[in-house]
Amino acid sequence: MIHKVTLIPGDGIGPEVINATVRVLEATGVKFEWETHQAGADAYAKTKQYIPKELYESVERTRLGLKGPVTTPIAGGFASINVTLRKKFELFANFRPIRNLPNIKTNYPGIDLVIVRENTEGEYSGIEHEVVPGVVESLKIITEKASTRIARFAFDYARRDHRKKIHAIHKANIMKLTDGLFLRCCRDTAEIYPDIQYAEHIVDNTCMQLVTNPYQYDVMVMENLYGDIISDLCAGFVGGLGLVPGANLGHECAIFEAVHGSAPDIAGKDLANPTAVMQSAVLMLRHIGETAAAERMHAALQRVYSEGKKTTRDIGGKSGTSEFADAVIQALETSKEPAGAGR
Ligand code: NAI
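Letter by letter, the sequence shown follows residues 265 to 607 of my numbering.
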């Protein structure tokens, strides 16, 4: 079987980490047909569209995407490509597992938690306007439909993956209507899943709890903005943004991408760590049913980290993006050999 995938290399470090990941995916032996499309400023320069219609058509056809980060201009310019794609394709769940890799020394060993972020509304609804000069307004949209949908996703995932506890993260003490509705949907959903423990934490306290005792968390479900911020915080537990994967999941399609952005400070220098996109690709392989290849790619990554010889600079190593990819491919290929071969 050949899997058709819409490939969005992105910009900044995007093309480097995506190329490295595609090389590893191809080395798994799974057959892919890549439909490559640009998005953002690069796409605009060529097509006068930030998201070319061919990209939309491709995702509609393939229902599967692998995406690099895309730079979003600050305080002006075009709307976030990421937010636009998530809304357009109803990729309502942003799934971000946070786990340590072997051999990376951090202050927090043994982390294993999952962030489930609502991906289509909240403060990221993109409805802002100037009321009068000097006064601007931004609408935070929270709906029962989207809140229940994300809560159900979190509980279903917890049950499927034998997770024990879900924390709903909120600020309903201040945003009584919006976060209040989100929380009510989480509570109502929790009642349908008595086998999963349920608790609630206010988001500011959550940040303190996370840095003092992250081990109390298992699955965390939260609105869009909180999920964005807390994901980066949690990436710090396991060694940084170069490592943490993500999946944007909907009922119809899925786009896999790392938590990190386009990292303009290191772009084009072969310095970026492609692990986060590679781990996102492992999630993609599982999603499309290529479980054996997913486990081999996962094992190859674990092996490269266990050996610790070919790691990138963000975690104290010396290898470049492509050298790291070579090491993962080599680990994959040696895992194909029968036991004892080459000794
Ligand atoms: P960033 O995640 O790009 O970078 C933050 C820091 O982490 C930088 O020091 C960077 O060098 C480092 N870093 C990130 N990924 C790395 C990797 N793979 N290997 C090694 N080091 C890595 O966040 P920043 O600088 O706030 O955002 C840059 C741009 O990315 C912005 O335009 C932002 O809007 C966009 N962005 C896009 C996302 C997406 O396309 N999904 C997600 C987050 C941000």
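Every residue, glycine too, gets a C-beta built ideally from N, C-alpha and C.
| query | In three-state DSSP terms, what is A536? | reply | coil
| Three-state secondary structure (DSSP) of D578 | helix
| query | Under three-state DSSP, which class holds F296? | reply | Here F296 sits in strand by DSSP.
| field | Cut-off 8 Å between Cβ atoms - residues of its own chain near A499, not counting five sequence neighbours on either side | value | I362, L505, L507, V508, V523, H524
| query | Can you list, in chain order, the stretches of the beta strand (DSSP E) that have 3 or more residues and sit fully within the region 411 to 440? | reply | 429 to 434
| request: Tell me K331's beta-bridge partners as DSSP assigns them. | output: I272
| task | Return helix, strand or coil for P373, following the three-state DSSP convention. | result | coil
| request: Would you identify the three-state DSSP class for E385, choosing helix, strand or coil? | output: coil
| Nearest CA to the CA of V281: which residue from A531, I379, Y388, F353? | A531
| D210 versus V288: straight-line alpha-carbon distance, rounded | The requested residue 210 does not occur in the structure, where the chain is confined to residues 265 to 607.
| field | Same chain, Cβ closer than 7 Å to K611, five either side skipped, listed in chain order | value | Only positions 265 to 607 of the chain appear in the structure, and residue 611 is not among them; the question remains open.
| Identity of the residue in M561, T576, Q566 nearest L596 by Cα | For L596, the nearest C-alpha among the options comes from M561.
| request: Return helix, strand or coil for M265, following the three-state DSSP convention. | output: coil
| field | Option nearest D306 by Cα separation, candidates V334, L328, E318, S322 | value | V334
| task | For D275, count neighbouring Cβ atoms within 10 angstroms of its own Cβ and tell me buried if that reaches 16, exposed if not. | result | buried
| query | Heavy atom of the ligand NAI less than 7 Å from the Cβ of N358, yes or no? | reply | no
| Contact under 8 Å by Cβ, A527 with I277 | Contact annotation: A527 and I277 have beta-carbon atoms nearer than 8 Å.
| DSSP state of S322 mapped onto helix, strand, coil | helix
| query | When you compare each of R550, V546, L549, P538 to T575 by their alpha carbons, which one comes out closest? | reply | P538
| query | With DSSP run on the structure shown, which of helix, strand or coil describes S599? | reply | For S599, the three-state secondary structure derived from DSSP is helix.
| request: Tell me where the alpha helix (DSSP H) around S526 begins and ends. | output: In the DSSP assignment, S526 falls outside any alpha helix (DSSP H) and carries neither an H nor an E.
| field | Neighbourhood of S599 by C-beta, 7 Å cutoff - its chain only, sequence neighbours within 5 removed | value | R560, A563, A564
| For the ligand NAI, any of its heavy atoms closer than 7 Å to the Cβ of A540? | yes
| request: Determine the direct distance from the alpha carbon of Y569 to that of P602, and round the result to whole angstroms. | output: A caution first: P602 carries a pLDDT of 47, below 50, which makes its placement in the model unreliable, though a value can still be read off. About 22 Å.
| said: Can you give me the C-alpha to C-alpha distance between D459 and R413, rounded to a whole angstrom? | reply: If you take the alpha carbons of D459 and R413, they lie about 19 Å apart.
| query | the ligand NAI: which residues have Cβ under 5 Å from any of its heavy atoms, chain order? | reply | P333, V334, T335, T336, N346, L505, G506, H524, G525, S526, A527, D529, I530, A536, N537, D578
| query | Just the Cα atoms here: how many angstroms apart are E408 and I430? | reply | 19 Å
| query | What are the start and end residues of the beta strand (DSSP E) that includes L513? | reply | 511 to 513
| field | Rounded distance between the beta-carbons of E387 and N488, thought under 8 Å | value | 6 Å
| said: So, for Y490: in the same chain, excluding its five sequence neighbours on each side, which residues have a beta-carbon less than 7 Å away from its beta-carbon? | reply: If we look at Y490 and ignore the five residues flanking it on each side, its Cβ neighbours are I433, V467.
| From what residue to what residue does the alpha helix (DSSP H) around L283 run? | Correcting the residue identity first, residue 283 is Asn in this sequence and not Leu. Note, N283: alpha helix (DSSP H), 278 to 291.
| First and last residue of the alpha helix (DSSP H) that includes S570? | 555 to 571
| message | Just to confirm, is the Cβ distance from I406 to G503 under 8 Å? | response | No.
| said: Pairs of beta-carbons, one from the region 546 to 557 and one from the region 578 to 594, closer than 8 Å: are there three or more? | reply: no
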